[in-house]
Amino acid sequence: MAVEEVPQRYEQHLHTAPEILARIRRIIGAHLRLWGRDDLIDAVALCATEVLANVHKHTDSGECHLRLQNTPDGVRTTVSDTAPTLPTVREPDWCAESGRGMFILSSTAHRWGVLPTPTGKDVWFECRSAPAPTPSQKNA
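Here the sequence shown is numbered in full-length UniProt numbering, starting from 1 and rising by one per residue.
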């Protein structure tokens with residue numbers, strides 16, 4: 001019997017709204033556990049939540065496409081939406097109720113960026129797993 005290979009990519013088209021974010025975090029957690037990336041669940045879920053919340057706040061439709069990709073050193077996440085306006089990182093007003101999303105993303109992800117597309121933009125980020133300790137580090 002052939003062993004089924006676990007897909008290393010997950011995609012979902014969705015309409016963002018605050019009430020679905022907990023479900024999306026659970027979906028992210030399930031896929032990362034399946035891929036053996038338990039150490040990245042909190043970071044990926046946090047960053048994805050911030051990007052998806054921005055889609056809800058800053059696009060007319062709230063429609064987007066979420067992609068998770070298991071890579072050799074971590075997980076790459078992309079959220080594609082239809083708004084051409086590119087996000088910016090600014091020093092947040094810590095007393096305000098909002099405005100911290102891109103700051104949190106830039107502080108949590110190893111790398112992130114934005115790519116304009118013909119229909120809007122892709123906001124992507126990468127969270128990396130810590131490298132496995134070498135034998136010399138284990139014995140230290």
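Just so you know, even glycine gets a beta-carbon here, dropped at the ideal spot from N, CA and C. Keep in mind it's a predicted model, so treat the numbers as computed, not measured.
Contacts around residue i, its chain only, beta-carbon distance under 6 Å, and the 5 residues preceding and following it disregarded
{"i": "Gln-12", "result": "Leu-66"}
{"i": "Arg-76", "result": "Gln-69 and Glu-126"}
Enclosing alpha helix (DSSP H) for residue i [first to last residue]
{"i": "Ser-61", "result": "Looking at the DSSP string, Ser-61 is not in any alpha helix (DSSP H), and its letter there is neither H nor E."}
Cα-Cα separation between residue i and residue j, rounded to whole angstroms
{"i": "Gly-101", "j": "Arg-26", "result": "19 Å"}
{"i": "His-56", "j": "Pro-118", "result": "20 Å"}
{"i": "Ala-45", "j": "Thr-71", "result": "16 Å"}
{"i": "Arg-33", "j": "Pro-18", "result": "24 Å"}
{"i": "Trp-124", "j": "Asp-60", "result": "20 Å"}
{"i": "Glu-5", "j": "Ser-80", "result": "27 Å"}
{"i": "Ile-28", "j": "Gln-69", "result": "11 Å"}
{"i": "Ile-104", "j": "Ala-43", "result": "10 Å"}
{"i": "Arg-9", "j": "His-31", "result": "9 Å"}
{"i": "Glu-126", "j": "Ser-106", "result": "10 Å"}
Continuous beta strand (DSSP E) stretch holding residue i: start and end
{"i": "Thr-78", "result": "74-81"}
{"i": "Trp-36", "result": "Here residue 36 is Gly; the residue named in the question, Trp, does not match the sequence. Looking at the DSSP string, Gly-36 is not in any beta strand (DSSP E), and its letter there is neither H nor E."}
{"i": "Leu-86", "result": "Unbroken run through Leu-86: none, as it is neither H nor E."}
{"i": "Thr-108", "result": "No beta strand (DSSP E) holds Thr-108; the alpha helix (DSSP H) holding it covers 101-108."}
{"i": "Pro-116", "result": "111-117"}
{"i": "Glu-11", "result": "9-15"}
{"i": "Val-123", "result": "120-128"}
Contact set for residue i: own chain, Cβ-Cβ below 8 Å, skip 5 residues either direction
{"i": "Val-3", "result": "Only weak support is given to the placement of Val-3: the predicted model assigns it a pLDDT of 49, under 50, and the question is left unresolved by the model."}
{"i": "Pro-84", "result": "Pro-116, Gly-120 and Lys-121"}
{"i": "Leu-86", "result": "Val-114, Pro-116 and Lys-121"}
{"i": "Ser-129", "result": "Arg-37, Asp-39, Leu-40, Asp-73 and Gly-74"}
{"i": "Thr-49", "result": "Leu-21, Ile-24 and Arg-25"}
Close-in-space but distant-in-sequence residues of the same chain around residue i (CB under 7 Å, 5 per side omitted)
{"i": "His-15", "result": "Gly-62 and Glu-63"}
{"i": "His-58", "result": "Ala-83 and Thr-85"}
{"i": "Thr-108", "result": "Ala-43, Leu-46 and Cys-47"}
Anticipated Cβ contact below 8 Å, residue i with residue j, distance rounded
{"i": "Asp-122", "j": "Thr-78", "result": "5 Å"}
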